[in-house]
Structure formats: structure tokens, C-alpha cells
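Structure record follows, encoded as C-alpha cells.
Number of protein chains: 2
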Amino acid sequence: METLMFFLLFVMSNMVLSTKLSNDHLSRHSGGGQLVELSSSYCLSWRLATETNNLHGWRTVPIQCLRHVEAYMIRGQYDSDVKLIVDEIRNYIDQLVLSDDGMDAWILDVDETCLSNLYYYEGKRFGGDPYDPHAFKEWALIGICPAIPSILGLFRKLVETGFKVFLISGRDETAFGQVTVQNLHLQGFFGFQRLILRSEAYKGQSGVVYKSEIRRKLMEEGYRIWGNVGDQWSDLHGEFVGNRTFKLPNPMYYVP
Amino acid sequence: METLMFFLLFVMSNMVLSTKLSNDHLSRHSGGGQLVELSSSYCLSWRLATETNNLHGWRTVPIQCLRHVEAYMIRGQYDSDVKLIVDEIRNYIDQLVLSDDGMDAWILDVDETCLSNLYYYEGKRFGGDPYDPHAFKEWALIGICPAIPSILGLFRKLVETGFKVFLISGRDETAFGQVTVQNLHLQGFFGFQRLILRSEAYKGQSGVVYKSEIRRKLMEEGYRIWGNVGDQWSDLHGEFVGNRTFKLPNPMYYVP
Numbered sequence: 001m002e003t004l005m006f007f008l009l010f011v012m013s014n015m016v017l018s019t020k021l022s023n024d025h026l027s028r029h030s031g032g033g034q035l036v037e038l039s040s041s042y043c044l045s046w047r048l049a050t051e052t053n054n055l056h057g058w059r060t061v062p063i064q065c066l067r068h069v070e071a072y073m074i075r076g077q078y079d080s081d082v083k084l085i086v087d088e089i090r091n092y093i094d095q096l097v098l099s100d101d102g103m104d105a106w107i108l109d110v111d112e113t114c115l116s117n118l119y120y121y122e123g124k125r126f127g128g129d130p131y132d133p134h135a136f137k138e139w140a141l142i143g144i145c146p147a148i149p150s151i152l153g154l155f156r157k158l159v160e161t162g163f164k165v166f167l168i169s170g171r172d173e174t175a176f177g178q179v180t181v182q183n184l185h186l187q188g189f190f191g192f193q194r195l196i197l198r199s200e201a202y203k204g205q206s207g208v209v210y211k212s213e214i215r216r217k218l219m220e221e222g223y224r225i226w227g228n229v230g231d232q233w234s235d236l237h238g239e240f241v242g243n244r245t246f247k248l249p250n251p252m253y254y255v256p
Numbered sequence: 001m002e003t004l005m006f007f008l009l010f011v012m013s014n015m016v017l018s019t020k021l022s023n024d025h026l027s028r029h030s031g032g033g034q035l036v037e038l039s040s041s042y043c044l045s046w047r048l049a050t051e052t053n054n055l056h057g058w059r060t061v062p063i064q065c066l067r068h069v070e071a072y073m074i075r076g077q078y079d080s081d082v083k084l085i086v087d088e089i090r091n092y093i094d095q096l097v098l099s100d101d102g103m104d105a106w107i108l109d110v111d112e113t114c115l116s117n118l119y120y121y122e123g124k125r126f127g128g129d130p131y132d133p134h135a136f137k138e139w140a141l142i143g144i145c146p147a148i149p150s151i152l153g154l155f156r157k158l159v160e161t162g163f164k165v166f167l168i169s170g171r172d173e174t175a176f177g178q179v180t181v182q183n184l185h186l187q188g189f190f191g192f193q194r195l196i197l198r199s200e201a202y203k204g205q206s207g208v209v210y211k212s213e214i215r216r217k218l219m220e221e222g223y224r225i226w227g228n229v230g231d232q233w234s235d236l237h238g239e240f241v242g243n244r245t246f247k248l249p250n251p252m253y254y255v256p
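As they're listed, the protein sequences go chains Z and P. Quick note on the numbering used here: the first sequence kicks off at 1 and runs consecutively. Quick note on the numbering used here: the second sequence kicks off at 1 and runs consecutively.
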């Protein structure tokens, strides 16, 4: 039974993966006008302001920007933005010389970094609806979040280069521990050093506090954090953030 | 003679100011195609990557993005982006309760924050040419950099609200001290607590180190830094950055 379930998940997941975050997917929702949607002056400004951390604590995408954010996410600009950042990370990695002690570390966030919840957020108007923990739990427990392709490529390069890759997620450990490992494996993320999820001790803490504490422990273990990639500023702020941080785009939700 | 000079500068400056950072100014350079220029996928990604501090130490705008950056700067999107950030800053200020001790402080950068060098950078292909200290000095010594209108409005609100506003600039104190004060006054920046420029002691230091040191001294004087606004991440990173930082856009140059 479990094997069948796993097989079904695998097939579904690859179906999902094969449609990818492509330019023409979901076009039924948009009906043309891409340039106009994407060039809305206010929405460009709103998106830049959130990506640069000028806006804090917003709960939903402004109503007048729902179609802008949808077009941004599914029509190629998001993919282009992620790709350019990954190219820059690869340039940075190529300049580093790792030591032999096995303590060169790299940190990746999970949701909207390794794995995409775009299909879930499609049902939540791409951030137009407020956070719905119950519905998100249902979605995440299926375990079929597709990989973000260029980040999966980066992950493989990191592992091959010799980095110890730590995946640090704000997901609750008890609820999501097992399914997250399965989801990551299903999507090709093999060889990470550790997947760290939010245990009881960190419940209710902000992302900045929780992730700083996790990084502090890694530092105390002797790891050198060369890079840190996340879609939220709370992944990248606080203490021991790493030698370089890289902010991936995410105009759909904000985690403090 | 000095009075005449000052008068001429004042007239010139207002001529410059009156043309403002308007949508149709400089249109002779562009010849239409705004949407296409502004929607270049690579250039949008490049600009987002630099605004989010994913790209470090770049010296010139990529050649394929010269017209994109020009269009961004002069056709209204830059103005829109600044305005949305200033609206957010005003919201933030309205929630603060200042104390009576006169130690509530705010920090503003000068170039591309209070004052615009857009007319200078027009002659440098909006960042397509590398930094030219000699030419920039010639330009800055004229002292007619126009105010960025929405920041001037913010500045006035800060002063009226009771903040002690510190203008901290990487400009060399010896060369630019006098002209910068005059330029700021000419543009309507009256009532700041101090204009701090780079003295001999800080020569050659990065912006992050120099500005952190200046802010440390303000903290030691007892000031509480509520906000810090700049167009460079080096204005906003380092130590004692303030309770909130706000990154203004600047795709034309990068200061480490």
C-alpha cells in the first residue's frame, strides 16, 4: 500500500514537474495583456518595495496587483529573476576555495527556495488571499511540491563541490518532518547534510530569531557558512547570516 | 560677485528643478518603445538583483540594459518607486511617538537620496560608463543637483515632526563641504541637525565601515536612530543601522 502510494505520488509529482513554471501554463486565467499587466507602474513599485524589504508585515497582495503578481509568477519573469540570481551564486561559488576539513557549509531555505508552492498559491489568488494554515497543511502533506529547477541545479553543484548543505525550514517538525524529506527526495534533492525543521523549542518564534539560533548552533559546531539563500528577508537577517546572502523573489507572501 | 554667482546658481537650479524627473524629459534619446525597453526580461532581472543586493561590486550597467535603465530613470517608474517607499516611510513615522528629550534621530544619505545627479549621469549613459571621479567632482562643485521631490517632502515632515535629521554622505569633506551645504539649502533642505561628510580619518574606507562609525558616534551621543534612508545597501548595512532602513532605487551605480 505504501509503495503504491509512493509510486502514485512520484507519477503525480513528475506530471506536475513536467508542466513546470512555464510561460504558457495557466494562460487561461490571464487572457493576454501580459505587457500591460506586468507594466502596471504601481504594482512594479509595490513588488520592488517588498523585494527590497521596504514593506514589512503585509498580509495579502494588494487587490489591484493580483493579476500583475500572477503574470509575474507564471509568465516567465519570476523564472528569469531566479535564474539570474542562481547564475550570480554560481559565479560566487567558483571563486571560493574550500578547505579539507568538511566544514564549509551552505544554507538553503525550503519553501519557495528548493520547493515551489505555486500550485497551491494558484488556488489562493497568488497571495491575494490571506495565509490559511489549514489549507497549506493539507497541500504540503501531499508532498508533491515541485523543485524550483535552477535551485535544484544549484543544490547539486553545491553538493558536488563539497559543501555541506543545510536545509532550514520554518515548517513544523512534527507535522511536516517526514513528508518534507520524502518531497525533497522525490524532487531530486539528495545528499544534503541535514534538513532542519522547527521543533517544539522554536514554536511561535519569528523566522529571524529561529533561523539565527539554528545558524548559531551550526557555527558552534564549527561550520563556516559561505552562502545563504532564501525567499524571505527573515531567512537572511539576524545573526550569523553567512558570508553572502541571496534573496530570491517572492511577491506572494511575507514571513516575519 | 559672490551674490551674483549665488543668484545665477539659484536660477539655474530652479530651471533644472522645474524640468524635474519628468516622464517626457529626454524623450529625444529614446524614440518610443518604452514598454519594450522596460519589459526586457534580462534587464528587469538584473535591476531586481542589484536592488535586492544579490549583485555586488558591479562597475557599469550591462550594455544591453543601457536603454532599459535610461527609460526606468526618466520615464516615471523610478519616480513611482521612490514615491511608494516614501509613502511607506510616512506611514511608519505616523506610528512613532517621539520623546521630549530631542534625541530622536533620522538618517538620510545625500546623493540619489536627497539630491539627484540624474543630469550628470545622463552624460554617463545612465551608468553605462564607469565611475569618473574627475568629472563627478566638476559636476558636484557647481552645486545645482536638484532635490528628489518626494524626499524633500519627507525631509520637511521629519523636521516638522521633531526628528533630528542627520545627512550622512560619502562625499569628501574638504572638497565638497561648502558646496554641498549650499546645494542643499538652494534646494530647500533647511533645518537638518548636521551634514556629515567624509573627513580625512575615513578616507579610503568602504561606505559600510565609514557610515557605521558615524552612526556609532551618534548612538554614543545618545541619539535613537528611528530610520535610515539611502540608495545604496552600504548606507543601510553594518552596525547601528537604525530601527527601520529604507532602500531607494539606484540602478546607475554601486558603492561598496
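All residues carry an ideal CB built from backbone N, CA and C; glycine is no exception.
Could you give the first and the last residue of the continuous beta strand (DSSP E) run that contains residue i?
i: Ser212 (chain P); result: Careful: Ser212 (chain P) lies outside any beta strand (DSSP E), inside the alpha helix (DSSP H) at 207-220.
i: Ala105 (chain P); result: 104-108
i: Val229 (chain Z); result: 224-230
i: Lys247 (chain P); result: 244-247
i: Leu197 (chain P); result: 194-198
i: Val165 (chain P); result: 164-172
Would you please verify whether the beta carbon of residue i is less than 9 Å from any beta carbon of chain Z?
i: Arg244 (chain P); result: yes
i: Gly76 (chain P); result: yes
i: Ile225 (chain P); result: no
i: Asp132 (chain P); result: no
i: Ile85 (chain P); result: yes
i: Ser116 (chain P); result: no
i: Glu51 (chain P); result: yes
i: Leu26 (chain P); result: Interpretation of Leu26 (chain P) is limited by its pLDDT of 37, a score under 50 that renders its predicted location unreliable; the figure taken from the coordinates is listed afterwards. No, its Cβ sits nowhere closer than 9 Å to a Cβ of chain Z.
i: Asp81 (chain P); result: yes
Does any CB atom of chain P fall closer than 9 Å to the CB of residue i?
i: Lys164 (chain Z); result: no
i: Tyr42 (chain Z); result: yes
i: Gly191 (chain Z); result: no
i: Ile93 (chain Z); result: no
i: Leu9 (chain Z); result: With a pLDDT of 45 at Leu9 (chain Z), under the threshold of 50, the modelled position of that residue is not reliable, and the figure given next carries that caveat. No - not a single Cβ of chain P is within 9 Å of the one on Leu9 (chain Z).
i: Asn54 (chain Z); result: yes
i: Asp109 (chain Z); result: no
i: Pro149 (chain Z); result: no
i: Ser99 (chain Z); result: no
i: Ser206 (chain Z); result: no
i: Trp139 (chain Z); result: no
i: Pro256 (chain Z); result: no
i: Leu48 (chain Z); result: yes
i: Glu88 (chain Z); result: yes
i: Ser45 (chain Z); result: yes
i: Lys203 (chain Z); result: no
i: Leu38 (chain Z); result: yes
i: Lys247 (chain Z); result: yes
Can you tell me the Cβ-Cβ gap for residue i and residue j, rounded? I've got them flagged as a contact below 8 Å.
i: Phe246 (chain P); j: Asn54 (chain Z); result: 5 Å
i: Gly123 (chain P); j: Ile63 (chain P); result: About 17 Å; that fails the 8 Å criterion.
i: Ile225 (chain Z); j: Arg216 (chain Z); result: With 8 Å as the limit, Ile225 (chain Z) and Arg216 (chain Z) do not qualify as a contact, their Cβ atoms being about 10 Å apart.
i: Lys157 (chain Z); j: Arg90 (chain Z); result: 7 Å
i: Glu239 (chain Z); j: Ser199 (chain Z); result: Glu239 (chain Z) to Ser199 (chain Z), Cβ: 19 Å. No contact.
i: Ser39 (chain Z); j: Leu38 (chain P); result: 6 Å
i: Thr161 (chain Z); j: Ile93 (chain Z); result: 6 Å
i: Tyr202 (chain Z); j: Gly57 (chain Z); result: Incorrect: roughly 20 Å between the Cβ atoms, too far for contact.
For the alpha helix (DSSP H) holding residue i, just list the boundary residues, first then last.
i: Gln95 (chain P); result: 77-95
i: Glu51 (chain P); result: 41-51
i: Arg156 (chain Z); result: 149-161
i: Tyr72 (chain P); result: 66-74
i: His237 (chain P); result: Looking at the DSSP string, His237 (chain P) is not in any alpha helix (DSSP H), and its letter there is neither H nor E.
i: Pro133 (chain Z); result: 133-142
i: Leu115 (chain Z); result: No alpha helix (DSSP H) contains Leu115 (chain Z), which DSSP labels as neither H nor E.
Would residue i pass as a contact of residue j if the rule is Cβ separation under 9 Å?
i: Arg125 (chain Z); j: Glu70 (chain Z); result: yes
i: Phe155 (chain P); j: Phe189 (chain P); result: yes
i: Thr113 (chain Z); j: Leu248 (chain Z); result: yes
i: Pro256 (chain Z); j: Met73 (chain Z); result: no
i: Leu184 (chain Z); j: Leu115 (chain Z); result: yes
>> Does the contact criterion of 3 or more C-beta pairs under 8 Å hold for the stretch 145-157 of chain Z versus the stretch 82-92 of chain Z?
In response: yes
>> Count Cβ pairs between the stretch 127-134 of chain P and the stretch 90-103 of chain P that sit closer than 8 Å; are there 3 or more?
In response: No: the two stretches stay apart, fewer than three of their Cβ pairs being nearer than 8 Å.
>> Using a Cβ distance threshold of 8 Å, determine whether the stretch 106-113 of chain Z contacts the stretch 161-168 of chain Z, with at least three qualifying pairs required.
In response: yes
> How about the stretch 224-240 of chain P and the stretch 196-215 of chain P: do they share at least three Cβ pairs that are nearer than 8 Å?
Replying inline: Yes, since at least three Cβ pairs between the stretch 224-240 of chain P and the stretch 196-215 of chain P fall closer than 8 Å, the two stretches touch.
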